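Numbering (my numbering), first residue to last: 860 to 1108.
The following block contains the structure:
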């Protein structure tokens, strides 16, 4: 009897906030065959990066017809390529209704229409009583002094990541903020994993398999014509990754 009573008192689960790194697919129009062909081409450039990732479909720049937008076909194409669509961002009411019908999560967009809507909502809210200001401590910087070897992953979920050694091919380093590598960067480096577009990547020798800032990425073939095997910083400008020599940054 006591064992049964104890079991019933235990909670089945708890809900906790979580920050998850996700990639956004910015959709401009939809054609089923062209969509899957393009998706396979992108995956072939960096198969390890895309395998089993959660994906958001961004509709903020969608210019196709709503009648052509088939989320079931999008989900199917992505699943065949080991990518998991979990929701949509932005979109008009009809597009979001279609997404809801496909059991996708609905997320607010970053477009001007969404910002205007939020501003209107703020103007009709009753001003809250002033609250005492709370000073927040800066997120801690994670420092790694040993080489990051192939197959290893180093994760700084809240702040910057500083690595005082090489990052070998096949290794992966991720940070919510900036990434500093005081040695050759030969593996994959993902900065701004929670969407911080101001994040940067610094390294003493750019030899990376892939670099990413806030979901925007370049693979080694794209990097070899800009700062390859030299000291550089990488940052996001107008949704494009820009590589600049450290002495000219």
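Even glycine gets a Cβ: it sits at the ideal position worked out from N, Cα and C. Because the structure is a prediction, the values reported are computed rather than measured.
Rounded separation between residue i and residue j - CA only
i	j	result
residue 930	residue 957	7 Å
residue 926	residue 941	26 Å
residue 903	residue 1081	14 Å
residue 1087	residue 1041	15 Å
residue 1011	residue 1047	11 Å
residue 1072	residue 1078	12 Å
residue 882	residue 1052	9 Å
residue 1075	residue 869	43 Å
residue 891	residue 924	13 Å
residue 1044	residue 951	42 Å
residue 1066	residue 875	38 Å
residue 1039	residue 901	27 Å
Whether residue i touches residue j by CB criterion (7 Å)
i	j	result
residue 1007	residue 1026	yes
residue 961	residue 894	no
residue 1034	residue 1023	no
residue 916	residue 965	no
residue 1095	residue 1056	yes
residue 1029	residue 1009	yes
residue 914	residue 944	yes
residue 1091	residue 1102	yes
residue 887	residue 932	no
DSSP beta-bridge partners of residue i
i	result
residue 917	885 and 948
residue 1104	1091
residue 1013	1032
residue 1099	1096
For residue i, the first and last residue of its enclosing beta strand (DSSP E)
i	result
residue 875	Where residue 875 is concerned, there is no enclosing beta strand (DSSP E), given that its DSSP letter is neither H nor E.
residue 936	Looking at the DSSP string, residue 936 is not in any beta strand (DSSP E); the run it does join, the alpha helix (DSSP H), is 930 to 939.
residue 1003	1001 to 1003
Opening and closing residue of the alpha helix (DSSP H) in which residue i lies
i	result
residue 965	Per DSSP, residue 965 belongs to no alpha helix (DSSP H); it is in the beta strand (DSSP E), 964 to 966.
residue 903	891 to 904
Can you list, in chain order, the stretches of the beta strand (DSSP E) that have 3 or more residues and sit fully within the region 1015 to 1096? 1020 to 1022, 1031 to 1034, 1038 to 1044, 1047 to 1050, 1060 to 1065, 1069 to 1072, 1075 to 1078 and 1091 to 1096
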